[in-house]
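Okay, structure first, notes after.
Here's what the structure looks like:
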């Protein structure tokens, strides 16, 4: 979401900076001088942004300051148990430092009312070899020190996701039953380019390329509480990259909604340090895959509830009403589980909230069901909020 953190630019945090000290967060150092990355097209000097987003070529990794591959989704077992999931890998370049990587995994047991997450970071080469191949990506974090590795691979809307805590990680995290997922996800709609051309201008903060695959079928398994459960469901993929480190000074709210009539909607509300919103935009994807940009005047977002974390003291929005008058559409969201907060200061230097939603909507007076995910950054003390 900017999706993914939010999607992280993690807008509210100083973003992914490589650090050679063992155990230090990789999102929390100032940027070192950054050499010009190679152009996206053959040229003797760096291309001037924006360049056209070309898929599947741009599924692969880019030589830019910040990048992430970000999945959220909704899964169910044959007997009706429901789960949400988040799985993301972040990549950061900072001058002459080695490339830095971080990964977050979260599973929401919607039926059981519980939330579970884990995190990893790594400096330098990937366990999967090259970070990407032409028209594809192959990412891995772990290797010998953290067997088995967490991996993402795929391209052109057909991807494989795998993450599983090692016994040592599970014990140290207080999860002796383990935590993991093993999914195959396949897009059922074309990729949606945000802001029409797939490029977002952050002004002084830099810029970002950004597209999503808003509708993907998912099949595989999750591991939770000592059980490995076969699941099917849906996923949402955000890929974002660019020469940016932070976006705004106050964090952001990101929404991803799939309605039962086939409409997919994503909204990004980026806050400045003074509480204003310098960047507000959205994208609507029709059932047939047609994509439409939503400027800030096309929609409204009203907070209807709040929740305070007992772990961090952060005060988060915890319910929303979204109005899109041009679509004659009203959407109400509330979290499936209140406590879906991730303290990732060990790997990315931030605390954020990301969780699955109960979705109820009306269009022209007719009720619609749906599924959704929301990401909130900048609300935790000391985290830009």
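Numbering (our numbering), first residue to last: 7 to 391. No residue lacks a Cβ here, since even glycine has one placed at the ideal position from N, Cα and C. Keep in mind that this is a model prediction, so the values were computed, not measured.
Which of the three DSSP states is assigned to residue i in this structure?
| i | result |
| --- | --- |
| residue 316 | coil |
| residue 172 | coil |
| residue 99 | coil |
| residue 222 | strand |
| residue 301 | strand |
| residue 196 | coil |
| residue 64 | helix |
| residue 36 | Caution is warranted here: a pLDDT of 28 is assigned to residue 36, below 50, making its placement in the model unreliable, and no coordinate value can be reported. |
| residue 332 | helix |
| residue 371 | coil |
| residue 210 | helix |
| residue 28 | Low per-residue confidence applies at residue 28: pLDDT is 31, beneath 50, and the placement is therefore not dependable enough to give any value. |
| residue 177 | helix |
| residue 340 | strand |
| residue 83 | coil |
| residue 202 | coil |
| residue 42 | Annotation note: pLDDT 37 at residue 42 (below 50); position unreliable, coordinate value reported separately. Correct three-state label for residue 42: coil. |
| residue 153 | coil |
| residue 111 | strand |
| residue 351 | coil |
| residue 135 | Because residue 135 sits at a pLDDT of 48, beneath the cut-off of 50, its placement in the model cannot be relied upon, and the following sentence gives the value as read from the coordinates. Residue 135 falls in the strand class under three-state DSSP. |
| residue 166 | strand |
| residue 184 | coil |
| residue 50 | Residue placement at residue 50 is flagged as unreliable, the pLDDT there being 35, under the threshold of 50; the coordinate-derived value follows with that caveat. The answer is coil: DSSP assigns residue 50 none of H, G, I, E or B. |
Of the residues the options, which one's Cα is nearest the Cα of residue i?
| i | options | result |
| --- | --- | --- |
| residue 285 | 208, 108, 213 | 208 |
| residue 177 | 375, 262, 231 | 231 |
| residue 282 | 306, 290, 61, 257 | 257 |
| residue 362 | 371, 342, 153 | 342 |
| residue 248 | 71, 67, 65, 57 | 71 |
| residue 317 | 160, 287, 101, 349 | 349 |
| residue 191 | 183, 88, 93 | 93 |
| residue 270 | 251, 280, 277, 241 | 241 |
| residue 398 | 292, 110, 307 | Outside the shown range of the chain, which is 7 to 391, sits residue 398, and nothing can be said about it. |
| residue 347 | 63, 113, 68 | 113 |
| residue 360 | 69, 79, 308 | 79 |
| residue 235 | 105, 118, 77, 83 | 83 |
| residue 308 | 293, 108, 336, 186 | 336 |
| residue 85 | 386, 117, 262, 303 | 117 |
| residue 301 | 331, 322, 294 | 331 |
| residue 381 | 195, 276, 291, 97 | 276 |
| residue 246 | 199, 210, 289 | 199 |
| residue 387 | 322, 105, 251 | 322 |
| residue 55 | 333, 217, 278, 206 | 206 |
| residue 339 | 303, 314, 378 | 378 |
| residue 77 | 385, 243, 268, 292 | 243 |
| residue 169 | 293, 213, 155 | 155 |
| residue 364 | 210, 280, 213, 264 | 264 |
| residue 1 | 255, 219, 358, 211 | Residue 1 falls outside the range modelled here, since the chain spans only 7 to 391, and no answer is possible. |
| residue 193 | 212, 294, 73, 126 | 294 |
Check the Cβ-Cβ distances between residue i and every residue of chain D, and say whether any is below 8 Å.
| i | result |
| --- | --- |
| residue 153 | Given the protein chain composition of this structure (a single chain), no chain D is represented. |
State yes or no: is the C-beta of residue i within less than 8 Å of the C-beta of residue j?
| i | j | result |
| --- | --- | --- |
| residue 61 | residue 197 | yes |
| residue 366 | residue 375 | yes |
| residue 144 | residue 164 | no |
| residue 65 | residue 141 | yes |
| residue 405 | residue 287 | Because the chain spans 7 through 391 in this model, residue 405 falls outside it and cannot be assessed. |
| residue 167 | residue 185 | no |
| residue 201 | residue 122 | no |
| residue 237 | residue 251 | no |
| residue 353 | residue 108 | yes |
| residue 334 | residue 370 | yes |
Throw me the rounded Cβ distance for the residue i and residue j pair, which I believe falls under 8 Å.
| i | j | result |
| --- | --- | --- |
| residue 329 | residue 311 | In fact, because the Cβ distance is near 17 Å, the residues do not count as touching under 8 Å. |
| residue 383 | residue 356 | 7 Å |
3-residue-minimum beta strand (DSSP E) runs that sit fully inside the region 223-305, ordered along the chain:
Secondary structure within the region 223-305: the beta strand (DSSP E) runs of 3 or more consecutive residues, fully enclosed, are 233-248, 257-265, 270-277, 285-291, 297-301 (chain order).
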